[in-house]
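Taking it in order: structure first as structure tokens, then the write-up.
In the working numbering, the protein residues as written are 15 to 178.
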């Protein structure tokens, strides 16, 4: 029971971090604020928000912002992702980036936050279910042996699962 409560608190902390990040979004063009957060296997939480630019192609989504923040801070694996917004769904680029820095079982919480009422609806899924035939750099042989390869943990988990 204690482990379940601890996990529930970690998910709530993850979602609350994404809610706070959403408040910092810079979105004067779309007026569509999105917040995201990732939690590492070590329990560290990293926020991200969308940041727009007058040259639209230079904008950055919240999901990638959070993941890049984690990577820049030395994170070696992502355990869960939360995305908060009105009907928030990650774009294709964010789905591929999430796949690259997680594994097929990485939890993904899509939080539909109504901006008027503040009500939340949370859908729990996985990164793999959101992008089932993602381009996998491990399977393609593109990744060289690299001690800082963030996907090492995914390869190790996959090997352990295949032995069962």
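Positions of the beta carbon are idealized from the N, C-alpha and C atoms, including for glycine.
Cα-Cα, which of 27, 112, 58 and 68 is closest to residue 81?
Residue mapping note: residue 81 aligns to position 67 of the chain shown, counting from 1. Nearest of 27, 112, 58 and 68 to residue 81, Cα basis: 112.
Chain-order list of residues whose beta-carbon lies under 7 Å from that of residue 27 (same chain, five-residue window excluded):
Start at 1 with the first residue of the chain shown, and residue 27 comes out as number 13. If we look at residue 27 and ignore the five residues flanking it on each side, its Cβ neighbours are 59.
With DSSP as the reference, please indicate the residues paired to residue 53 in a beta bridge.
Locating residue 53 in the chain shown gives position 39, counting from the first residue. Bridge partners of residue 53: 59 and 94.
C-alpha gap between residue 44 and residue 16, whole angstroms:
For the purposes of this step, residue 44 is taken as residue 30 along the chain shown, with counting starting at 1. For the purposes of this step, residue 16 is taken as residue 2 along the chain shown, with counting starting at 1. Roughly 43 Å between the two C-alpha positions.
Identity of the residue in 118, 145, 95 and 129 nearest residue 29 by Cα:
In the chain shown, counting from the first residue as 1, residue 29 sits at position 15. For the residues 118, 145, 95 and 129, the minimum Cα distance to residue 29 belongs to 95.
What are the uninterrupted segments assigned as alpha helix (DSSP H) that are 4 or more residues long and contained completely in the segment 59-131, given in chain order?
Listed in chain order, they are 76-86 and 106-114.
With distances taken from CA atoms, which of 37, 46 and 53 is nearest residue 25?
For the purposes of this step, residue 25 is taken as residue 11 along the chain shown, with counting starting at 1. Taking only the C-alpha atoms, the option nearest residue 25 is 53.
For residue 34, which of 98, 134, 109 and 104 has the nearest alpha-carbon?
The residue given as residue 34 occupies position 20 in the chain shown. With distances taken between Cα atoms, residue 34 lies closest to 98.
Can you look up residue 143 in the DSSP assignment and give me helix, strand or coil?
Your numbering for residue 143 matches position 129 in the chain shown. It is helical.
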